[in-house]
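Colleague:
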Amino acid sequence: MASTAGITKTTLYKYIDYLSRAELIRHIPHEAKRFKSMRKPDKLYLANTNLFNALCINSDIGTKRETFFAAMSSFKHSIYYVDKGDFLLDEKITIEVGGEHKGFKQIKDIADSYVVADDIEIGSGNKIPL
1 MASTAGITKT TLYKYIDYLS RAELIRHIPH EAKRFKSMRK PDKLYLANTN LFNALCINSD
61 IGTKRETFFA AMSSFKHSIY YVDKGDFLLD EKITIEVGGE HKGFKQIKDI ADSYVVADDI
121 EIGSGNKIPL
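Written out as structure tokens, the structure is:
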């Protein structure tokens with residue numbers, strides 16, 4: 001990102017820190033960061049979907065859904081991104097975010113996992129409304 005923007009990594013990290021402190025972006029660390037020996041970069045999300053709609057012309061609905069979920073969940077829960085599923089809440093609940101037809105394929109073998117689906121009003125089993 002730094003080279004694309006024509007700035008140094010140090011400057012990029014300062015800008016990201018400023019945006020984060022202004023609550024314009026949100027850092028979501030990889031679950032591996034819980035273990036000191038693992039290093040994976042954080043995912044960066046806009047702080048909320050209003051910013052997403054204002055700044056992104058061709059926005060991806062999947063990223064919007066994840067942005068919304070991260071914004072709402074991070075107030076009361078620790079949140080990480082994971083390799084299987086989209087998020088890990090409170091170090092134990094795996095979440096896959098999607099639309100009304102989203103299935104459990106990506107999280108089928110994970111205990112304590114849920115699909116959080118957009119465009120549904122009533123949940124069933126481990127599928128709950130976004």
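Numbering (my numbering), first residue to last: 1 to 130. Cβ atoms here follow ideal geometry from the backbone N, Cα and C, with glycine treated the same way. Quick caveat, the model's predicted, so the values are computed rather than measured.
1. Can you tell which of K14, V82, S3 and N50 has its C-alpha closest to the C-alpha of M72?
2. Could you give the first and the last residue of the continuous alpha helix (DSSP H) run that contains S3?
3. May I ask you to report which of helix, strand or coil DSSP gives L55?
4. For E100 and D119, which I take to be in contact (beta-carbon distance under 8 Å), what is that distance rounded to the nearest angstrom?
5. Closest by CA to F52, which one among K76, I28 and L24?
Modeller: So, from the listed chains and residues:
1. Of K14, V82, S3 and N50, the residue nearest in Cα terms is N50.
2. For S3, the enclosing alpha helix (DSSP H) begins and ends at A2 to A5.
3. Helix, per DSSP.
4. So it is a contact: roughly 4 Å between Cβ atoms.
5. The shortest Cα separation from F52 among K76, I28 and L24 belongs to L24.
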